[in-house]
Every structure is written in structure tokens, then in C-alpha cells.
Amino acid sequence: MDAARKGPSKIRRTSKALGDGRIRLSRAGLHEQAASRLRTLIIRGSLGPGEPLNEADLSDALGVSRTPLREALKLLAAEGLVELRLNRSAVVAALRPDEIADLFEAVSGIERTAAELAAVRMTPRDHQKLRGLQERMERHHDAGELSDYFEINQQIHGLIVAGARNATLKATHDWLLARVERARLLALSAQGRWQESVAEHRLILQALEARDAEAAGKLLAHHVRRTGTVASDLAGGPVPAGAPAAPETNTSDGARSDP
Numbered sequence: 542m543d544a545a546r547k548g549p550s551k552i553r554r555t556s557k558a559l560g561d562g563r564i565r566l567s568r569a570g571l572h573e574q575a576a577s578r579l580r581t582l583i584i585r586g587s588l589g590p591g592e593p594l595n596e597a598d599l600s601d602a603l604g605v606s607r608t609p610l611r612e613a614l615k616l617l618a619a620e621g622l623v624e625l626r627l628n629r630s631a632v633v634a635a636l637r638p639d640e641i642a643d644l645f646e647a648v649s650g651i652e653r654t655a656a657e658l659a660a661v662r663m664t665p666r667d668h669q670k671l672r673g674l675q676e677r678m679e680r681h682h683d684a685g686e687l688s689d690y691f692e693i694n695q696q697i698h699g700l701i702v703a704g705a706r707n708a709t710l711k712a713t714h715d716w717l718l719a720r721v722e723r724a725r726l727l728a729l730s731a732q733g734r735w736q737e738s739v740a741e742h743r744l745i746l747q748a749l750e751a752r753d754a755e756a757a758g759k760l761l762a763h764h765v766r767r768t769g770t771v772a773s774d775l776a777g778g779p780v781p782a783g784a785p786a787a788p789e790t791n792t793s794d795g796a797r798s799d800p
């Protein structure tokens, strides 16, 4: 018997937190909307690795037929969030340590290049927006509001990538984003990592405002690799190489990275 049919599934329990009864979706783009809902639940950990995604439960929770639901699951499988299984319910994909290491190695290169370009190409208005996000993120940190903190954190990374003004770079980053967000949130559960991450973001902001491309790139690359190291460790595997102590990179006001 499928594990999802042994009792009230996590899908049914989770749907109650998203609204009374079914999660109402408009008719336009049903599979994209269903995928967006499920993506959020997976990234935020409401549906954990190995959780069965029973079609009957999902159809009821999302208020969609099985055709758009199956398209949504295929989309999430392409993003690496769902594992499709022949003649069995799909499941939430596991966070494998080796995949996390590979993913963050790639993303560190992408975001390093983005930061180097953004340091030159960001406008004063971009800097103002980035500083405002940093201040909001720190307030959420001080209040212990992890969900709100994480939302702003992702906006900051997205703004830096957008600030590079490189469409190919952004498209590549966007394609990896769902898996990156899931592992980043996992890393923040490690003792001390949340505070460490806030400090790293301050230094990255300083380097970008100083238009120091080399420093911005090094600091953001270290930040991403450090997150990958922690996430990989928490996922149960060996700590990947390549994320030592932060590089000693000077910013305009003499600050140095010191996680």
C-alpha cells in the first residue's frame, strides 16, 4: 500500500495552513500555479525529502484535476525538487550531499561573476534598495523571524544577480534557484550560521557600494560556498572542499570578512 494512503497525508495537513478548504487557483496557468504552491512547500520544508505526493490528495488540496497536477510534478522534477516513480506516487526529492556540493560549486561561480559585474553596473538606486533590504533582513534576524528573513535574503541575492545586467547569467541562476533556496534554508538551521550569514551580507554590501568588484566577487563566492558546506554537512555527507575561512578582502572602510 502506498505510504500516502495509510492515514491523513502531510499534504492534507499542510493544505489547512494555506487556507480554508481547497487552495483556490485560477483557471489560467493551472499547472504553473500548482507547481508554485508545491515548490514553496518543498523549499520551506513543509513537505520533506521522501514525502509521497499522492495525486488524489494533491488534486483535492489544490482544487485541480490530475492533468495540470501531473504537468506541475513534471516541472518540479525538472527542477530537481520531485522524483517521479513508475506506477508509484512521486516523492519529494532527497537533498543529497554530493548534489548540494556540486550545486553550490556552480552557484558560487555564477554569483561571484554576478557580484563582480554588479559592483560596476549597479546604480545608486540599486544600492539604496539593497541597503534597505539589508536593514529589513537584519531586523527580521534580530526578531528571530526566520521565514521573513529568508524571503528578504533571497531578494538580496536576486537583486545582486539582476544588478549584473546580464540576461544569460540571470537565466542560468534562475534555473538553479529552487534547489539553491531549499539548501540555503537548511543551512540556516545550523547553530551559528544565521548570525554568520548576516555578517557576510554586510561585507558584501560594503564591497558593492564601494564598487570593489574583486572584493564583492570573493566575498559572495565565499558566502555561497560556506552555505553549501553547511547544507551538505547537515544533509549527512562529507563537507565539500573549497570553503575555508573567508578570504581577507579589504573593503572601502577597511572591514574584512570574518565569519
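In case it helps, this note's numbering puts the sequence shown at residues 542 to 800.
Heads up, the beta-carbon is just placed ideally off N, CA and C, and yes, glycines get one too.
Exposure of Thr-709 is indicated by the presence of fewer than 16 other C-beta atoms within 10 angstroms of its C-beta. Here Asp-598 is buried: its Cβ has 16 or more other Cβ atoms, across all protein chains shown, within 10 Å. Here DSSP, grouped into helix, strand and coil, assigns Val-623 to strand.
Contact between Arg-653 and Gly-758 holds, since their C-beta atoms are separated by about 4 Å, short of 8 Å.
In the DSSP annotation of this structure, the continuous segment of the alpha helix (DSSP H) that includes Ala-757 starts and ends at 754-775.
DSSP places Val-605 outside both helix and strand once states are collapsed to three, so it counts as coil.
Counting every other CB atom within 10 Å of its CB across the protein chains shown gives Gly-685 a total below 16, marking it as exposed. For Ala-635, no alpha helix (DSSP H) segment is defined, and its DSSP state is neither H nor E. According to the DSSP assignment, Gln-675 belongs to the alpha helix (DSSP H) that extends over 665-683.
For the options Ser-649, Glu-657 and Asn-694, the alpha carbon positioned closest to that of Glu-755 is the one of Glu-657. Between Glu-620 and Arg-720, the C-beta gap is smaller than 8 Å, which places the two residues in contact. Bridge partners of Pro-593 according to DSSP: Val-632. Excluding five sequence positions before and after Leu-616, the CB atoms of its chain that fall closer than 6 Å to its own CB belong to Ala-576, given in chain order.
Here the alpha carbons of Phe-691 and Leu-746 stand approximately 17 Å from one another.
For Ala-740, the uninterrupted alpha helix (DSSP H) segment begins and ends at 734-750. Residue environment: Glu-676 is assigned as exposed (fewer than 16 neighbouring CB atoms within 10 Å of its CB, all protein chains considered).
Rounded to whole angstroms, the gap between the alpha carbons of Leu-687 and His-681 is 7 Å. Per DSSP, the continuous alpha helix (DSSP H) segment holding Ala-575 begins and ends at 571-584. Taking the C-beta atoms as reference points, Arg-752 is found nearer than 8 Å to Ala-660. Note that the C-beta distance between Arg-578 and Leu-603 is below 8 Å.
Following the DSSP letters along the chain, one finds Asn-694 inside the alpha helix (DSSP H) bounded by residues 687-704.
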